[in-house]
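Undergrad: Mapping of the sequence shown onto the numbering used here: residues 1015 to 1126, in sequence order.
Note that beta-carbon positions come from the ideal geometry of N, C-alpha and C, so glycine has one too.
Let me begin by handing over the structure; questions about it come next.
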Amino acid sequence: MHYRAPQEVIAAKTNYYFPVAKPLPHKDVDYPWVGMTYALGEKTFGVVEIDHPANPRGTRWSAYRDYARFGAYPRANLKKGETLSLKYRFLVARGGLVATEVIQAEQAAFTG
1015 MHYRAPQEVI AAKTNYYFPV AKPLPHKDVD YPWVGMTYAL GEKTFGVVEI
1065 DHPANPRGTR WSAYRDYARF GAYPRANLKK GETLSLKYRF LVARGGLVAT
1115 EVIQAEQAAF TG
């Protein structure tokens, strides 16, 4: 499940935020959330994607592209005829990333 900002994003102003001190987004799995800020013209936006514990474990995140696209790549093996339901929540804010306390409160409300 990915978020992609409009094409007109200012690449040099795209930043990513992780819930760990020294993230390795190419290697780490199962972040509870990932955030991003980006600029469109004079406006800055913040986006957080929250993972749900019911989703498959081993999820990798793509969160390093300067064109403001990020999201989760869950791993699951499905047999023919099986379905998979995924649960994610996005927080989108004008002005930048919401405070960590807001992310944690939204995560707790979403994940139960």
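Using a Cβ-Cβ cutoff of less than 6 Å, which residues in the same chain neighbour P1039 once the five nearest sequence positions on both sides are dropped?
TA: Excluding positions up to five away in sequence, the list reads W1075, A1077 and Y1078.
Undergrad: Figure out for me which residue from R1083, A1090 and Y1045 has the closest Cα to the Cα of N1029.
TA: Comparing Cα-Cα distances from N1029 to each of R1083, A1090 and Y1045, the minimum goes to R1083.
Undergrad: Compare the beta carbon distance of I1064 and P1088 with 8 Å and say whether it is the shorter of the two.
TA: Contact: no.
Undergrad: Where does A1107 sit, in a helix, a strand or coil, going by DSSP?
TA: DSSP places A1107 in strand when its eight states are reduced to three.
Undergrad: By DSSP, does E1120 sit in helix, in strand, or in coil?
TA: Residue state, collapsed to three classes: helix.
Undergrad: Verify whether the separation of the beta carbon atoms of V1034 and V1106 is less than 8 Å.
TA: No, the pair does not count as a contact, with Cβ atoms beyond the cut-off.
Undergrad: K1057 lies in the beta strand (DSSP E); which residues open and close that run?
TA: K1057 to D1065 is the extent of the beta strand (DSSP E) around K1057.
Undergrad: DSSP three-state call for T1097: helix, strand or coil?
TA: Here T1097 sits in coil by DSSP.
Undergrad: Do G1109 and T968 count as a contact pair if the criterion is CB distance below 8 Å?
TA: In the structure as shown, the chain begins at 1015 and stops at 1126. Residue 968 is therefore absent and cannot be evaluated.
Undergrad: Can you grab the Cα-Cα spacing for the pair K1101 / N1069, in whole Å?
TA: Approximately 6 Å, taken between the alpha carbons.
Undergrad: Give the secondary structure of T1051 by DSSP, where H, G and I count as helix, E and B as strand, and everything else as coil.
TA: Correct three-state label for T1051: strand.
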